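Data first, discussion second: the structure below is written as structure tokens.
Chains as they are written, first to last, in my numbering: chain A, 1 to 127; chain B, 128 to 254; chain C, 255 to 381; chain D, 382 to 508.
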């Protein structure tokens with residue numbers, strides 16, 4: 001019984017997220033609802049469910065389906081997620097979310113920050 | 128230069144979170160602000176900063192210091208985090224956050240859910 | 255250029271492993287070759303490649319294809335991995351590795367250890 | 382009881398490793414023993430134990446203390462780990478392992494590979 005529960009827990013699995021997403025989401029102009037929506041999309045993707053619906057996403061959150069729908073649309077417009085067309089080996093077409101745009105934004109921000117830090121260090125060294 | 132940036136990224140590190148925290152936080156009566164506050168505390172703990180201040184936490188979020196303070200107090204009252212007294216090898220006392228209460232709540236919820244699922248399965252098997 | 259490299263790094267991804275696999279593999283009678291073979295299978299599974307061949311696995315390791323083949327067979331016989339038959343939505347059958355037996359063994363070992371620790375604690379409390 | 386066991390499991394924790402360490406360790410001229418030794422050092426570091434002894438490391442592995450000692454020395458000589466001198470806030474000096482050299486080697490290898498891939502792609506595009 002204990003073994004079954006522990007195995008069930010293990011199979012639920014973990015999700016691994018770069019810590020700077022938590023320290024920088026605000027600087028990317030994301031609010032807490034948008035961050036959690038992105039984390040939920042990531043969780044679905046991780047589990048192999050590549051195109052969760054607004055119903056499935058809002059069911060886990062404190063927002064309504066229509067609010068979720070609006071939020072998804074704005075996240076696409078603002079370049080944090082995108083919907084890509086894919087094709088199975090058997091030639092069946094399907095859509096999936098991609099969070100690569102989110103990582104691009106985070107990386108751009110990180111590189112800019114890193115550069116500024118270095119320049120500040122350099123100036124301090126020189127004085 | 129690229130190497131330096133990549134190494135800096137790696138050293139920022141990752142945080143690993145059980146996926147069911149994302150599917151179940153709403154059922155634990157947590158909202159998105161409280162979830163993200165907990166995730167930020169986890170991130171600080173992971174980096175060895177064991178008692179982040181409301182200033183440090185709210186600086187990453189879209190909430191004010193006093194809202195952050197209130198939220199921390201309520202999370203303690205409602206049994207999601209606790210402050211524990213610790214002591215270094217050199218006998219210096221300090222305080223730290225513990226998120227064990229959060230994992231307890233999540234585990235309780237998981238075990239209850241798992242039991243219900245099994246009973247439903249059993250009933251379906253019997254019909 | 256830097257951005258491209260960092261994104262490529264992120265997309266290579268991470269794998270998350272319970273730390274007790276590293277502290278306990280020896281007690282499960284696994285050697286270092288077998289542990290690394292299991293970790294490589296996990297890595298392939300994580301990336302969605304569910305049935306890596308002995309060629310693909312041995313190419314990453316310091317063992318030959320035939321040694322890899324033998325090791326896989328013994329890991330199946332000894333109950334650390336299994337091959338399961340799966341079926342796509344389109345009705346196409348395929349085989350995949352499952353590492354659930356490994357987690358079962360690790361969990362059994364963990365529960366036994368945990369029980370012993372508690373009993374030792376109890377005896378010490380009583381004295 | 383179940384809750385206690387699950388909490389104990391969660392607190393044992395996970396370790397997150399870049400997948401390319403598994404696909405590339407052989408190309409870094411590491412063998413399986415050395416890889417597992419490095420993974421064990423990482424696990425100790427993650428848990429806040431910054432300078433595990435050859436006794437502690439070999440106790441988890443199938444190698445003897447003196448073999449472990451030799452392996453550690455060679456990993457330092459070959460630039461995969463280093464020992465750094467640290468100082469607590471209270472002015473007490475201590476030693477710790479750093480695995481930054483390992484990440485440097487992995488990143489160098491990754492950047493070289495990535496460049497080659499791109500040049501191959503480019504040549505193929507041009508033909």
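Idealized CB from N, CA, C, for every residue including glycine. Note that the structure is a prediction, hence the values are computed from the model and not measured.
Distance, residue j Cα to residue i Cα
i, j, result
"residue 40 of chain A", "residue 58 of chain A", "10 Å"
"residue 49 of chain A", "residue 391 of chain D", "25 Å"
"residue 32 of chain A", "residue 191 of chain B", "13 Å"
"residue 262 of chain C", "residue 135 of chain B", "15 Å"
"residue 333 of chain C", "residue 78 of chain A", "50 Å"
"residue 97 of chain A", "residue 450 of chain D", "49 Å"
"residue 71 of chain A", "residue 52 of chain A", "14 Å"
"residue 109 of chain A", "residue 116 of chain A", "11 Å"
"residue 60 of chain A", "residue 216 of chain B", "44 Å"
"residue 114 of chain A", "residue 495 of chain D", "22 Å"
"residue 234 of chain B", "residue 183 of chain B", "29 Å"
"residue 419 of chain D", "residue 398 of chain D", "11 Å"
"residue 111 of chain A", "residue 226 of chain B", "32 Å"
"residue 23 of chain A", "residue 150 of chain B", "22 Å"
Residue from the options with nearest C-alpha to residue i
i, options, result
"residue 12 of chain A", "A:47, A:68, A:78 and A:26", "A:47"
"residue 424 of chain D", "C:284, C:327, C:357 and C:275", "C:275"
"residue 386 of chain D", "B:240, B:242, B:230 and B:163", "B:230"
"residue 67 of chain A", "A:24, A:54, A:78 and A:35", "A:54"
"residue 281 of chain C", "D:416, D:443, D:417 and D:473", "D:443"
"residue 201 of chain B", "B:129, B:150, B:146 and B:156", "B:156"
"residue 482 of chain D", "D:432, D:437, D:418 and D:462", "D:462"
"residue 299 of chain C", "D:406, D:450 and D:400", "D:400"
Exposed unless 16 or more other CB atoms sit within 10 angstroms - verdict on residue i
i, result
"residue 337 of chain C", "exposed"
"residue 221 of chain B", "exposed"
"residue 141 of chain B", "buried"
"residue 92 of chain A", "exposed"
"residue 467 of chain D", "exposed"
"residue 161 of chain B", "buried"
Cutoff 7 Å; reference residue i; Cβ partners in own chain excluding five residues on either side
i, result
"residue 129 of chain B", "none"
"residue 417 of chain D", "442"
Contacting residues, own chain, Cβ-Cβ under 6 Å from residue i (five flanking each side not counted)
i, result
"residue 486 of chain D", "409"
"residue 279 of chain C", "289"
Contact set for residue i: own chain, Cβ-Cβ below 8 Å, skip 5 residues either direction
i, result
"residue 457 of chain D", "463 and 464"
- Message: Under 8 Å, CB to CB, which of the residues in the region 1 to 12 of chain A have a partner in chain C?
- Response: 2, 3, 6, 7, 10 and 11
- Task: Residues of the region 95 to 112 of chain A with a CB closer than 9 Å to any CB of chain C: list them in chain order, please.
- Result: 100, 103, 104, 106, 107, 108, 110 and 111
- Selection of the region 312 to 346 of chain C by Cβ proximity to chain D, strictly under 7 Å: Listed in sequence order: 314, 315 and 316.
- Query: In the region 273 to 298 of chain C, which residues sit with their C-beta less than 9 Å from some C-beta in chain A, listed in chain order?
  - Reply: none
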